[in-house]
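**Q** Residue numbers (the working numbering): 1140 to 1272. Cβ atoms here follow ideal geometry from the backbone N, Cα and C, with glycine treated the same way. In this text, all values refer to a predicted model and were calculated from it rather than measured experimentally. Here it is: the structure, laid out below.
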Amino acid sequence: MQKIITLLFGIVLFSTGCKSEKKEKEELTIGTKKQEISTFDLGKSVFNGKGKCYTCHKTDKKSIGPSIQEIIKVYKEQNGDIIAFLKQNAEPIVDPETYAVMKTNFAIIKTFTPEELEAVKIYMMDVSKGKTQ
């Protein structure tokens, strides 16, 4: 009987040791699976995803809001700060009459991280120059 108990204890101890070793390897594997994303791609993802900016802003034509090209053109000409506008720290300088519609989207924009705001700006600047990927 003593041998059976010792054998069972050994099996339990061995199987527990194997499980924790396997778990540690899984955690290490998961930790190494980091994916790099370019600033342009992050901006594109936010613009077309969580921000839903594409619903009102097209690349080269006015829709509900001004086009990306028009926005970037005006911000460059007037040395404006698009990020300050998106953070509601600056007045609208492009198509102010549609600002009331834009105001409804600031609740979404407030969820953007500083990195996402910068990425959206870079994405818009690159798209206005014709970059698509």
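What span of residues does the alpha helix (DSSP H) with residue 1251 cover, start to end?
**A** Where residue 1251 is concerned, there is no enclosing alpha helix (DSSP H), given that its DSSP letter is neither H nor E.
**Q** Hey, residue 1190 and residue 1247 are a contact pair by Cβ (cut 8 angstroms); roughly how many whole angstroms apart?
**A** Confirmed, Cβ separation roughly 6 angstroms.
**Q** Rounded to whole angstroms, how far is the Cβ of residue 1261 from the Cβ of residue 1179, which I believe are closer than 8 angstroms?
**A** With 8 angstroms as the limit, residue 1261 and residue 1179 qualify as a contact, their Cβ atoms being about 6 angstroms apart.
**Q** As a quick exercise: from 1214, 1223, 1213, 1202, pick the residue whose alpha carbon is nearest that of residue 1256.
**A** The option with the nearest alpha carbon to residue 1256 is 1223.
**Q** For residue 1189, which three-state DSSP category applies?
**A** The answer is coil: DSSP assigns residue 1189 none of H, G, I, E or B.
**Q** Taking only three categories from DSSP, how would you classify residue 1200?
**A** Note: residue 1200 maps to coil in three-state DSSP.
**Q** Where do the N-terminal and C-terminal ends of the alpha helix (DSSP H) with residue 1239 fall, by residue?
**A** Here the alpha helix (DSSP H) through residue 1239 covers 1238-1242.
**Q** In angstroms with no decimal places, state the Cα-to-Cα distance between residue 1230 and residue 1221.
**A** Those two C-alpha atoms are separated by around 10 angstroms.
**Q** Report the CB separation of residue 1206 from residue 1197 in whole angstroms; it is logged as a contact under 8 angstroms.
**A** That pair is a contact at about 5 angstroms.
**Q** Assign residue 1229 to one of three DSSP states: helix, strand, or coil.
**A** Residue 1229: coil per DSSP, three-state reduction.
**Q** Taking Cβ positions, are residue 1202 and residue 1195 nearer each other than 7 angstroms?
**A** Cβ atoms of residue 1202 and residue 1195: closer than 7 angstroms.
**Q** With DSSP run on the structure shown, which of helix, strand or coil describes residue 1271?
**A** In this structure, residue 1271 counts as coil in the three-state DSSP scheme.
**Q** Taking just the CA atoms, how far does residue 1269 sit from residue 1154?
**A** In this prediction, residue 1154 scores a pLDDT of 49, lower than 50, which makes its location untrustworthy; the coordinate-derived value is nonetheless stated afterwards. The straight-line gap from Cα to Cα measures roughly 60 angstroms.
**Q** Quick one: using the 10 Å Cβ neighbour count with 16 as the cut-off for buried, is residue 1208 buried or exposed?
**A** Flag for residue 1208 reads buried.
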